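**Q** Here you go, one structure.
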Amino acid sequence: MTFHRNSKETKMVVLDPRKDAEAVFDVLDKGGVAIVPLDVAYAVFGGCGDAIKNIFTAKGRSFSKPNGMMADYEIFSELHIVGERERTLVRAVTEDYGLPLSVVAPFRADHPIFASVDEFTMERSTKIGTLDLLLNAGPLHKAITELSRQRMRPVLGSSANRSLTGSKYRLQDVDREVRDIAAIEVDYGLSRYANPEGISSTIIDLKSFQVHRYGVCFEQIADILNRHFQIELPARPAPVAA
């Protein structure tokens, strides 16, 4: 927390996402692991093969489950190979309505942002020629994606929890095995979309419109797609009775 003074007022600054994003990138550039707060949940990211291996091991995550990549609309529009309707749809959900969204689609593997990425990291972050991009997940997400574009370095990872245990919405709730591998942890308190179900972002395939994950804001996203694009997503499955 910092204070900025001028002749008229004293302004208290509680968060500094740009400064935090630069600190995160310093760690990633050195091969380390970062735990960061997103609106959808806390997440863990790395920038090289060793960091990605450490993340998968700490989480107990199957190598068959790929990482996601942090993105904004500009990164999405340059990487994903989709039509104009899909671009308009993503902009509508993430910018016009201001909701978080993960989207899966074929991508341009020859884009310069992947020039420094090793083979192992690419294999663990893609699946059958597709890439999962997370958009509009909070102030630190925005600052990190801006640096990602400027530095031409992808930020790759997944939710900061042991596999199949549910997303974590406070830093202190992140599993110790995951926290122990992090060279930096950023704490913004409770995630905006914290929920008792332990779910993170909604994931939609932009080619088939299959729902890969029924996550936060799904009902709002489904309504937007139905009203504006005449796309009807299957309803969220009812919870299984205990």
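All residue numbers for the sequence shown refer to full-length UniProt numbering, where the first residue is 1 and numbers rise by one. Built from N, CA and C at the ideal position, the CB exists for glycine as well. Quick caveat, the model's predicted, so the values are computed rather than measured.
For Val-40, count the other beta carbons within 10 Å of its own beta carbon; 16 or more makes it buried, fewer makes it exposed. Which is it?
**A** Answer is buried; the Cβ neighbour count reaches 16.
**Q** Terminal residues of the continuous alpha helix (DSSP H) containing Ile-52?
**A** Looking at the DSSP string, the run of the alpha helix (DSSP H) that includes Ile-52 is 49 to 59.
**Q** Please classify Ser-148 as buried or exposed, where buried requires at least 16 neighbouring CB atoms within 10 angstroms.
**A** With 16 or more Cβ atoms within 10 Å of its Cβ, Ser-148 is classed as buried.
**Q** Using three-state DSSP, classify Phe-209 as helix, strand or coil.
**A** DSSP places Phe-209 in coil when its eight states are reduced to three.
**Q** Considering only C-alpha positions, which residue in the set Pro-37, Glu-219, Ser-159 is nearest to Arg-192?
**A** Checked all of Pro-37, Glu-219, Ser-159; the closest Cα to Arg-192 is Pro-37.
**Q** Any beta carbon from chain B within less than 7 Å of Val-82's own beta carbon?
**A** The structure shown contains no chain B; it holds only a single protein chain.
**Q** Between the stretch 46 to 60 and the stretch 68 to 82, do three or more beta carbon pairs fall short of 8 Å?
**A** Short answer: they don't touch.
**Q** Thinking C-alpha only, which one of Asp-96, Ser-158, Glu-84, Asn-54 is nearest Ile-224?
**A** Taking only the C-alpha atoms, the option nearest Ile-224 is Asp-96.
**Q** Here's a check: name, in chain order, each residue in its chain whose Cβ is nearer than 6 Å to the Cβ of Glu-232, leaving out the five neighbours to either side.
**A** Excluding residues within five positions, the ones whose Cβ falls inside 6 Å are Asn-226.
**Q** Could you work out which residue in Asn-136, Ile-75, Lys-65 is closest to Pro-154 when comparing CA atoms only?
**A** Closest option to Pro-154, Cα to Cα, is Ile-75.
**Q** How is the alpha helix (DSSP H) around Val-44 delimited, first residue to last?
**A** Taken as a continuous stretch (DSSP letters only), Val-44 belongs to no alpha helix (DSSP H), being part of the beta strand (DSSP E) at 42 to 46.
**Q** Near Phe-63, which residues of its chain fall below 7 Å by C-beta distance, leaving aside the five closest residues on each side in sequence?
**A** So the qualifying residues of the chain are Phe-56, Arg-124.
**Q** Is the stretch 172 to 191 touching the stretch 89 to 107, taking contact as three or more C-beta pairs under 8 Å?
**A** Verdict: no, contact absent.
**Q** What do you get for Leu-99, buried or exposed, if any count of 16 or more other CB atoms within 10 angstroms of its CB means buried?
**A** Counting Cβ neighbours within 10 Å, Leu-99 comes out buried, since at least 16 surround it.
**Q** How is Met-12 classed by DSSP in three states: helix, strand or coil?
**A** In the structure shown, Met-12 sits in a strand (DSSP, three-state: E or B).
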